[in-house]
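Using my numbering, read the sequence shown as starting at -15 and increasing by one per residue. Don't be surprised by glycine CBs; every beta carbon is placed ideally from N, CA and C. Notes to accompany the following structure.
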Amino acid sequence: MSHQFLETPIAQDANQGNDYCPFIPVFGAPAEMFDRGEGTQLWSVGGKRYLDFLSGIAVVSLGHANPVVAQAISDQANKLVHVSNFFANTVATQAAVDISQLMTDAGAGDGQVFFCNSGAEANEAAIKLARKFGGRGRHVMVTAYGSFHGRTLGALALTGQPAKHEVFQPMPEGFRYCEFGDIASLEAQLDDTVSAVMLESIQGEGGVIPADATYLQAVQRLCNERGILFIIDEVQTGFCRTGKWFGFEHAGVRPDAVTMAKGMGNGMPVGALWARRDIASVLQPGDHGSTYSGTALATSAVRAVISEMKRMGASDLAVKQGARLTAGLLQIKGIASVRGSGLLLGAQLADGIVAGDVYKLLLEKGLIVNAVNASTLRFAPPLTVSDSEIDEALSMVAEVLQ
Ligand SMILES: *Cc1c(COP(=O)(O)O)cnc(C)c1O
């Protein structure tokens, strides 16, 4: 029996009593309907158990229904959720201090934080930072082909995938693209209108393509020489996912600004822009904002995530379990190579194997991964994934690729 893809989530039309989909159909037909999770496991409404090796796209890094995060959110919800940015709240203030400390420890220096609700919003804030930093006439940002920076119009313009731009033309002006990993291609895009370069340390949506350390170091040198901001989008790679707190640490570079989201709230919608203090100060009161910037509720999750990741040594877990998963995948006939770092891995399938087909068969067996492109499966399980869960997932992959 093949896996039953739901046509659409179903609701009852109040007037006519007919079944209909209550969502604007921007997402493809969903493969399953879930109502409960625990750690690496998810259960569908029909009671089927799945192993989640995608974590809501590298979001639920501490596992579903993590009790520490759940307690923090629940306590905060009963205490104070939101007050607006006419006022401060103690939770967001402490969360900003926590993130600043992480960035200092990561070697990026002393900086400040702006909270928002998503990765795209963090990148929108970075665009405004870059434009204000550069000044009029020096507003252009360069990003890489194959990058992904979000779906809002500015973040989409940053995203170096021209096909995604087409139906929304005209795009905002002031964005250029270079070949990822090719320093000469970047250099060719730089002139005195460029304010910033933004790159991912590993292109996640682009197919789990890591940047070489030497490339990131060369980008940093070039940016420093020309007085251009070097911004790293750590939305997918941040918060221990790659085996360091932030992906750029593998290269030992010192970005001027960093965007983050996904893993930082374990599913609570929250993101942030961090910028070194001298650069952050170009943004002044009134230049940017969000009603929901730094709500006590969202930042209570951030604080819980940071303290829990520190307590368990989440970066080391990502390294250790990533090594186990990689070694196991490389044993399986049908997997040609494995890219990535920590627990953000792309398994390159052997010639002729279609990732989308493998994805569907794995789903039938009860393993959730993602066909990040036509020939690559992305694995991003919770960093808390156990040895036996990895072994169980590996045996399902081996059976499907037989
Ligand atoms: C997911 C992602 C984004 C967008 O984040 P949203 O929260 O979906 O807006 C931006 N950059 C990278 C690298 C991402 O992986």
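**Asked** Quick one: Cα of Tyr199 to Cα of Glu209, how far?
**Response** Taking the sequence shown and counting its residues from 1, the one referred to as residue 199 is at position 215. Taking the sequence shown and counting its residues from 1, the one referred to as residue 209 is at position 225. Each residue's Cα considered, the two are about 15 Å apart.
**Continuous alpha helix (DSSP H) stretch holding Arg205: start and end** = Position 221 of the sequence shown, counting from 1, holds the residue named residue 205. 197 to 210 is the span of the alpha helix (DSSP H), which, as asked, contains Arg205.
**Item:** CB contact flag (Ala256, Phe18, <8 Å)
**Value:** Counting from one through the sequence shown, the residue named residue 256 turns up at place 272. Counting from one through the sequence shown, the residue named residue 18 turns up at place 34. No, Cβ-Cβ distance for Ala256 and Phe18 is not below 8 Å.
**Prompt:** Is the beta carbon of Ala147 within less than 7 Å of some heavy atom of ligand 1?
**Reply:** Here residue 147 corresponds to residue number 163 of the sequence shown, with the count starting at 1. Not so, every heavy atom of ligand 1 lies at least 7 Å from the Cβ.
**Message:** With a threshold of 8 Å, are at least 3 pairs of Cβ atoms found where one atom belongs to the stretch 171 to 188 and the other to the stretch 115 to 130?
**Reply:** yes
**Asked** Are the stretch 330 to 339 and the stretch 260 to 279 touching by the rule of at least three beta carbon pairs closer than 8 Å?
**Response** no
**Request:** Could you say which of Ser370, Val289, Met252, Asn50 lies nearest to Ile83 if we only look at CA atoms?
**Result:** For the purposes of this step, residue 83 is taken as the residue at position 99 of the sequence shown. Comparing Cα-Cα distances from Ile83 to each of Ser370, Val289, Met252, Asn50, the minimum goes to Val289.
**Prompt:** What are the partner residues of Pro154, as DSSP defines its beta bridges?
**Reply:** The residue you call residue 154 lines up with position 170 of the sequence shown. According to DSSP, which records beta bridges pairwise, Pro154 is partnered with nothing at all.
**Message:** The beta strand (DSSP E) that contains Tyr161, what's its start and end?
**Reply:** As a first step, residue 161 is located in the sequence shown; it is residue number 177 there, counting from the start. 159 to 162 is the extent of the beta strand (DSSP E) around Tyr161.
**Straight-line Cα distance separating Leu46 from Ser39** = Residue numbering aside, residue 39 sits at position 55 when the sequence shown is read from its first letter. Residue numbering aside, residue 46 sits at position 62 when the sequence shown is read from its first letter. Ser39 and Leu46: Cα-Cα distance of roughly 9 Å.
**Residues of its chain near Arg33, where Cβ-Cβ distance is below 8 Å and the 5 sequence neighbours each way are ignored** = The residue you call residue 33 lines up with position 49 of the sequence shown. Excluding sequence neighbours, Arg33 sits near Gln25, Leu26, Trp27, Gly350.
**Request:** Check each candidate in Phe159, Gln204, Ala139, Lys148 and name the one with the smallest Cα separation from Gly165.
**Result:** As a first step, residue 165 is located in the sequence shown; it is residue number 181 there, counting from the start. Taking only the C-alpha atoms, the option nearest Gly165 is Gln204.
**Request:** Spatial neighbours of Gln201 within its chain, please: CB distance less than 8 Å, with the 5 preceding and 5 following residues excluded, ordered by chain position.
**Result:** Position 217 of the sequence shown holds residue 201. Result list for Gln201: Ala235, Gly236, Val237, in chain order.
**Burial state of Ser(-14) (16 or more Cβ within 10 Å)** = Taking the sequence shown and counting its residues from 1, one reaches residue -14 at position 2. For Ser(-14), the predicted structure reports a pLDDT of 40, less than 50, and the residue's modelled location is therefore unreliable. A value from the coordinates is still provided. The residue in question, Ser(-14), is exposed, as its Cβ has fewer than 16 Cβ neighbours within 10 Å.
**Item:** Distance between beta carbons of Arg135 and Ala114, contact taken as under 8 Å
**Value:** As a first step, residue 114 must be located in the sequence shown, where it is residue number 130. As a first step, residue 135 must be located in the sequence shown, where it is residue number 151. Not a contact, Cβ separation roughly 19 Å.
**Asked** His133: beta carbon under 7 Å from a heavy atom of ligand 1?
**Response** Taking the first residue of the sequence shown as position 1, residue 133 is located at position 149. His133 Cβ: within cutoff of ligand 1.
**Prompt:** When you compare each of Ala110, Glu171, Ala15 to Ser265 by their alpha carbons, which one comes out closest?
**Reply:** In the sequence shown, the residue the question calls residue 265 occupies position 281. Answer by Cα proximity: Ala110.
**Asked** How many Å lie between Ala76 and Gly23 at the Cα?
**Response** Numbered from 1 along the sequence shown, position 92 holds the residue referred to as residue 76. Numbered from 1 along the sequence shown, position 39 holds the residue referred to as residue 23. For Ala76 and Gly23, the distance between alpha carbons rounds to 26 Å.
**First and last residue of the uninterrupted beta strand (DSSP E) at Val384** = Your numbering for residue 384 matches position 400 in the sequence shown. Here Val384 belongs to no beta strand (DSSP E); instead the alpha helix (DSSP H) covers 371 to 385.
**Request:** Assign Glu233 to buried or exposed, taking buried as 16 or more other Cβ atoms, counted over all protein chains shown, within 10 Å of its Cβ.
**Result:** Here the question's residue 233 lines up with position 249 in the sequence shown. Per the 10 Å Cβ criterion, buried.
**Glu389 (DSSP reduced to helix, strand or coil)** = The displayed coordinates of the chain run from -15 to 386. Any statement about residue 389 would go beyond what the structure contains.
**Prompt:** Which runs of the beta strand (DSSP E) spanning at least 3 residues fall entirely within the stretch 80 to 161, listed in chain order?
**Reply:** 95 to 100, 124 to 128
**Request:** Go ahead and pull the three-state DSSP assignment for Glu348.
**Result:** What you label residue 348 is simply residue 364 of the sequence shown in a count that begins at 1. Helix.
**Message:** Just verifying my parser: in three-state terms, what is the DSSP assignment at Pro239?
**Reply:** In the sequence shown, residue 239 corresponds to position 255, counting from 1. Pro239 falls in the coil class under three-state DSSP.
**Request:** Label Ile193 either buried or exposed according to how many other C-beta atoms from any shown protein chain fall within 10 Å of its C-beta, with 16 as the threshold for buried.
**Result:** By 1-based counting over the sequence shown, the position of residue 193 is 209. With 16 or more Cβ atoms within 10 Å of its Cβ, Ile193 is classed as buried.
**Request:** Indicate whether the contact test is met: 3 or more Cβ pairs, each with one atom in the stretch 269 to 289 and one in the stretch 55 to 65, closer than 8 Å.
**Result:** yes
**Complete runs of the alpha helix (DSSP H) confined to the stretch 20 to 83 [at least 4 residues]** = 39 to 42, 51 to 61
**Request:** Look at Leu213 and Lys116 and say whether their C-beta atoms are less than 8 Å apart.
**Result:** For the purposes of this step, residue 213 is taken as residue 229 along the sequence shown, with counting starting at 1. For the purposes of this step, residue 116 is taken as residue 132 along the sequence shown, with counting starting at 1. No. Outside cutoff.
**Message:** Quick check on Lys317: buried or exposed, where buried means 16 or more other Cβ atoms within 10 Å of its Cβ?
**Reply:** Position 333 of the sequence shown, counted from the first residue, corresponds to residue 317. Counting Cβ neighbours within 10 Å, Lys317 comes out exposed, since fewer than 16 surround it.
**Item:** Of the residues Phe7, Gln173, Trp229, the one placed nearest Val124, counting alpha carbons only
**Value:** Here residue 124 corresponds to residue number 140 of the sequence shown, with the count starting at 1. Selected option, being the one with the closest Cα: Gln173.
**Prompt:** CB Met252 to CB Gly222, shorter than 8 Å?
**Reply:** Taking the first residue of the sequence shown as 1, we reach residue 252 at position 268. Taking the first residue of the sequence shown as 1, we reach residue 222 at position 238. The answer is no: Cβ separation not under 8 Å.
**Prompt:** With burial defined as no fewer than 16 other Cβ atoms inside 10 Å of the residue's Cβ, what is the status of Gly118: buried or exposed?
**Reply:** Here residue 118 is taken as the residue at index 134 of the sequence shown, counted from 1. It counts as buried.
**Request:** Would you mind giving the Cβ-Cβ distance between Arg225 and Ala42, rounded to the nearest angstrom? I have them listed as a contact below 8 Å.
**Result:** Counted from its first residue, the sequence shown places residue 225 at position 241. Counted from its first residue, the sequence shown places residue 42 at position 58. About 6 Å separates the two Cβ atoms, so the contact holds.
**Beta carbon of Gly227 nearer than 8 Å to that of Gly326** = For the purposes of this step, residue 227 is taken as the residue at position 243 of the sequence shown. For the purposes of this step, residue 326 is taken as the residue at position 342 of the sequence shown. In contact: Gly227 and Gly326 (Cβ atoms closer than 8 Å).
**Request:** Mind reading off the beta-carbon distance from Pro269 to Asp36? Whole number of angstroms is fine, and I expect it under 8 Å.
**Result:** Along the sequence shown, read from residue 1 onward, the residue named residue 269 stands at position 285. Along the sequence shown, read from residue 1 onward, the residue named residue 36 stands at position 52. With 8 Å as the limit, Pro269 and Asp36 do not qualify as a contact, their Cβ atoms being about 42 Å apart.
**Item:** Coil, strand or helix - Arg287 by DSSP
**Value:** The residue given as residue 287 occupies position 303 in the sequence shown. Looking at Arg287 - three-state DSSP - the assignment turns out to be helix.
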